[in-house]
Amino acid sequence: MTDTAMIEQHYLVEGMTCSHCIASVTEEVSDIAGVESVSVDLRVGGASDVMVLTSTPVPSEDIRAAITEAGYPLVTAQS
11 MTDTAMIEQH YLVEGMTCSH CIASVTEEVS DIAGVESVSV DLRVGGASDV MVLTSTPVPS
71 EDIRAAITEA GYPLVTAQS
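With the sequence shown counted from 1, adding 10 to any position gets you the numbering used here.
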């Protein structure tokens, strides 16, 4: 990897309640080309914050699709 600045994106996701939820979303999103890391701030009873770091621009539609594939509704994407 080069010294390129990482791109940070945040997504609010409903319905995540446990470590299995985190693992499912992390696995799906990590499979996208360009994604370097995924971290989740789990907020039971509210929308969890999913932070995605990428080394290249990744369309938010791709990340939305991966979150949906993991089985969770996306509330909103944030810059």
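Where a beta carbon is used, it is the ideal one built from N, C-alpha and C, also for glycine.
Collapsed DSSP secondary structure at Thr78 in the structure displayed:
helix
Candidates Ala76, Ala87 and Gln88, of which the one nearest Ile32 by Cα:
Ala76
Beta-carbon gap between Val45 and Ser58 smaller than 7 Å:
no
Would you mind reading off the limits of the beta strand (DSSP E) that contains Val35?
Taken as a continuous stretch (DSSP letters only), Val35 belongs to no beta strand (DSSP E), being part of the alpha helix (DSSP H) at Ser29 to Ser40.
So, for Thr27: in the same chain, excluding its five sequence neighbours on each side, which residues have a beta-carbon less than 7 Å away from its beta-carbon?
Val54
Neighbourhood of Gln88 by C-beta distance below 8 Å, restricted to the same chain and skipping five residues each side:
Gln19, His20, Tyr21 and Leu22
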